[in-house]
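Residue numbers (my numbering): 150 to 723. Where is the CB? At the ideal position from N, CA and C, for every residue including glycine. Just so we're clear, the structure is a prediction, and the values are computed from it rather than from any experiment. Below you'll find the structure, written out as structure tokens, and then a few comments.
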DNA sequence: GCCGTTTTCGGCCCGACTGTTTTCAGTCG
């Protein structure tokens, strides 16, 4: 079993324990063990075999036993018992905003509610409002909440969140009462999906700023409005929280509300060890606040290098900041070329010339064209004859270009047996190959892993494309042992792309530390099907930074000549 | 259930907001 699967089971146990157990710390322990497991570098089986589970922070004797059992059998005795004890629909109730484990337990015990449908009926009959601790307003909010989680999954892809967030920020910046304003929360940390948009502003007139905020474009509901916090909901269902603090408090508030919770807990621990106190209002020595110019001064005062928001996940970045060994993170201007682009030769919307123009307009010095290969009938994949015709067209265009170069590549399907999608003689035509899975997603994990590794062993393969095939909020990736895939990529010198499409962001940033450890390089690839699609690179850069990649790890940060060398080196054996 | 350079037992982040409760519990981040 993969560590992500075991982590999901531990998460489920945490939720089940929340509604079942009187001890709130027990579910928290399972939750934190699941996070530790997800962040684990390396292969779970190997960690178990080496007897090193217990050395992972948050995993003690009892949870270690659960993990061993789950890894071997796919479940555990204790999990089976918990599932039997808690009706299936109870966990859905926890997704309703404002309902936590305590209220869910009351609903289950007093009214026998065990599903969203049953709760809806109970609210409509008015019996929920009569319960102790509930009331008319709570009942109405529950009904609203049921409707809400029915209409959206509760999380948003970046392309659904970031543009709206930037509109809110711009709206706030237009108020002369706002001194400083910045995005916070998981959106600032570059997570691949977000639940809401957190914003932190400073002002000496917080009431007026809150009034201004609720009039922002797109706001349809004001959920809460207090002295420092205002919550609204936008037309697309996205929620946004604004905190307004004084300008002196702003650095601490921005740090606090950027999170993550795990990162902040660790940071507060450092403050506590110094007999200081860190909270959203400042860094205090006794009751005396230390003057803070900006966020960086907080880290500096605690004896740490500044930690970029993308790295603040509580996965060891604080230890790195203390030793001064944080990675240098990629910035978008460091990207010299744009690679993994479709044209109207296959399923792209624009011509080769139009994509070249769009890439040049964005300041790139080369374009890696990769239409689909012949098996991708649905996408008008290129037959060998059309491959040769496209090459002739690219040569013609290149001869007329100065200071810009088109590289002829292909996004080759990986066939179910792991073979690439053309004979070697055809593959020889391409300057580089991105090998991707587009079919037969249902293979067992072992077969899928072998399939990817076989594709990477072909010396034509330059990049592995979207390695898990996930579509965020729509479909999980196929089952594949990414640790073995990354090891093979490192040994073979195949780069693993970060597919920058906001639907994918695949490979996942959580694999970054392991990839770097294994010497695996990446490419930030927009998988663009139109000129505007090239701008998705920005999402990929966020993901790469979160993964800890710097320009030296990123193939398309090379200039055109170096990129050509990188593509050629596996075939020439150099 | 986990953890410990004061602890193997007794903590486990803590402050804001809401609603219902007349002094506070539950939820959230």
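Check, Outcome
"What is the C-beta distance between residue 522 and residue 560, in whole angstroms, given that I count them as a contact (C-beta under 8 Å)?", "7 Å"
"By the three-class DSSP mapping on this structure, what secondary structure does residue 541 have?", "helix"
"Can the beta-carbon of residue 182 be found less than 8 Å from the beta-carbon of residue 662?", "no"
"Please check the pair residue 448 and residue 485, which I expect to be a contact at CB under 8 Å, by giving their CB distance rounded to whole angstroms.", "Actually they are not in contact, since the Cβ atoms of residue 448 and residue 485 sit about 31 Å apart, beyond 8 Å."
"Quick one: which unbroken alpha helix (DSSP H) runs of 4-plus residues sit fully inside the segment 365-453? Chain order, please.", "399-407, 410-422 and 444-450"
"Which term fits residue 459, buried or exposed, when burial requires 16 or more other beta carbons within 10 angstroms of its beta carbon?", "buried"
"Hey, would you say residue 675 sits closer than 8 Å to residue 649, going by beta carbons?", "yes"
"Which residue comes first and which comes last in the beta strand (DSSP E) that contains residue 688?", "Unbroken run through residue 688 is the alpha helix (DSSP H), 686-695; no beta strand (DSSP E)."
"Could you compute how far the alpha carbon of residue 372 sits from the alpha carbon of residue 362?", "13 Å"
"Taking the beta strand (DSSP E) that residue 351 falls in, what are its first and last residues?", "345-351"
"May I ask you to report which of helix, strand or coil DSSP gives residue 712?", "helix"
"Which class does residue 612 belong to by DSSP, given the choice of helix, strand or coil?", "strand"
"To the nearest angstrom, how far is the alpha carbon of residue 261 from that of residue 687?", "49 Å"
"For residue 673, which of 654, 216, 659 and 681 has the nearest alpha-carbon?", "654"
"Would you mind listing the beta strand (DSSP E) stretches within the segment 576-658 that are 3+ residues and don't spill past its ends, in chain order?", "581-585"
"What is the rounded straight-line gap between the Cα of residue 538 and the Cα of residue 392?", "58 Å"
"Would you give the residue range spanned by the beta strand (DSSP E) that residue 489 belongs to?", "486-490"
"Check the DSSP bridge columns for residue 174 and list the partner residues they point to.", "Looking at the DSSP assignment, residue 174 forms no beta bridge with any residue, so it has no partner."
"Beta strand (DSSP E) containing residue 480: first to last residue?", "Unbroken run through residue 480: none, as it is neither H nor E."
"I need the DSSP call for residue 216, collapsed to helix, strand or coil.", "helix"
"Just verifying my parser: in three-state terms, what is the DSSP assignment at residue 187?", "helix"
"Since residue 467 is in the alpha helix (DSSP H), which residue starts that stretch and which ends it?", "466-472"
"Go through its chain and collect everything with a Cβ distance to residue 575's Cβ below 7 Å, but skip five positions before and after it.", "533 and 536"
"Going by DSSP in three states, residue 240 sits in which element: helix, strand or coil?", "helix"
"Given that a residue counts as buried once 16 or more other Cβ atoms are within 10 Å of its Cβ, and exposed if not, what is residue 288?", "buried"
"With C-beta atoms as the reference, is residue 450 less than 8 Å away from residue 432?", "yes"
"Residue 515 bridges to which residues according to DSSP?", "486 and 554"
"Can at least three beta-carbon pairs, one atom from the segment 583-598 and one from the segment 657-671, be found at a separation below 8 Å?", "no"
"Could you tell me how far apart the beta carbons of residue 388 and residue 679 are, in whole angstroms, since I believe they sit closer than 8 Å?", "Rounded, the Cβ-Cβ distance is 30 Å, inconsistent with contact."
"Residues in the same chain with beta-carbon distance under 8 Å from residue 247, minus the five sequence neighbours each way, listed in chain order, please.", "287, 290, 291 and 294"
"Could you give the distance in angstroms between the alpha-carbon of residue 467 and the alpha-carbon of residue 456?", "8 Å"
"Output yes or no for whether 8 Å exceeds the beta carbon distance between residue 610 and residue 643.", "yes"
"What is the rounded straight-line gap between the Cα of residue 237 and the Cα of residue 165?", "10 Å"
"Determine contact between the segment 566-575 and the segment 619-633, defined as no fewer than three beta-carbon pairs at a distance below 8 Å.", "no"
"Determine the contact status of residue 384 and residue 343, defining contact as a CB-CB distance below 8 Å.", "no"
"Could you check how far apart the C-beta atoms of residue 554 and residue 709 are, in whole angstroms? I think they sit under 8 Å.", "5 Å"
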